[in-house]
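Here is the structure we will look at.
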């Protein structure tokens, strides 16, 4: 079956630090890949997506590239802010089903 | 995109009681999804609700415990029945965007069972 594996958290960074959250997946066919963000006390919001190999999704300074050869979709941001503190979920869609990773808690300190 | 209103946003319930969560979408959608997010965990799909047919439940979830209604293309309810403290979680409804591959989520219902 499909699966998504995220790097273990929590991750704590200082403001303006570089962020990488690793995500690898296992799936049949050609899934679409997503990063969702969950701010404290809220539901999930789509952060970015990529629907085919070598696509780069980007939003709010975050980027992730769909790497089929390494089955990865790592999330990066060059300079994090305190407001980026949240839980980040990597996910894939195959057919109508979404499969989520475990989530990574990010805390950014001023 | 789709805007999803979910209520209640939170509740504290006594064990043995039931809670019904409502999910309203601002557009017609074929499938609606219900997820559970236990404390510190990822999302687990409970069931998929199609209008006009019974919901399809994932392994480990049964209709008697989580009955779902889907009376029309914009609305669904999930009931958590005979609650125990282990049911304390965030429950989220979700829909797929028309013509998109992404999913949209309600803000969630934070349930605490005491």
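Residue numbers (the working numbering), protein chains in the order written: chain B, 38 to 147; chain F, 17 to 130. Yeah, the Cβ is synthetic: ideal placement off N, Cα and C, and Gly gets one too. Keep in mind it's a predicted model, so treat the numbers as computed, not measured.
Contact of residue 133/B with chain F by beta-carbon distance below 8 Å involves 47, 64 and 112. Among the CB atoms of chain B, one or more fall inside 8 Å of the CB of residue 122/F.
The beta-carbon distance between residue 99/B and residue 89/B, rounded to whole angstroms, is 19 Å. This is too long to meet the 8 Å contact definition.
Proximity to residue 36/F across 84/F, 122/F, 90/F and 56/F peaks at 84/F, based on C-alpha coordinates.
Against chain B, the CB of residue 119/F has a partner CB under 8 Å away; the residue lies at that interface.
Sorting 63/B, 43/B, 55/B and 72/B by C-alpha distance to the C-alpha of residue 116/B places 55/B at the top. Here residue 101/F is exposed. Its C-beta has fewer than 16 other C-beta atoms within 10 Å.
Taking 8 Å as the CB threshold, residue 45/B stays off the interface with chain F. The three-state secondary structure of residue 102/F, taken from DSSP, is helix. The C-alpha of residue 147/B lies about 25 Å from the C-alpha of residue 43/B.
When rounded, the separation of the alpha-carbon atoms in residue 139/B and residue 41/B is 8 Å. Per the DSSP secondary-structure output, residue 64/F pairs in a beta bridge with 49/F and 72/F.
With a threshold of 16 other beta carbon atoms within 10 Å, residue 51/B falls short and is exposed. Under a criterion of Cβ atoms nearer than 9 Å, the residues of chain B adjacent to residue 108/F are, in order, 80 and 81. In this structure, the straight-line span from the alpha carbon of residue 67/B to that of residue 105/B is close to 9 Å.
In the structure shown, residue 58/F adopts coil according to DSSP, grouped into three states.
CA-CA distance, residue 124/B to residue 69/F, rounds to 35 Å. Annotation: residue 29/F to residue 99/F spans about 8 Å, alpha carbon to alpha carbon. For residue 86/B, the closest Cβ of chain F is nearer than 8 Å.
With respect to the 8 Å criterion, residue 69/B and residue 134/B are not classified as neighbours on the basis of their beta carbons. The three-state reading of DSSP puts residue 117/B in coil, since its state is none of H, G, I, E or B.
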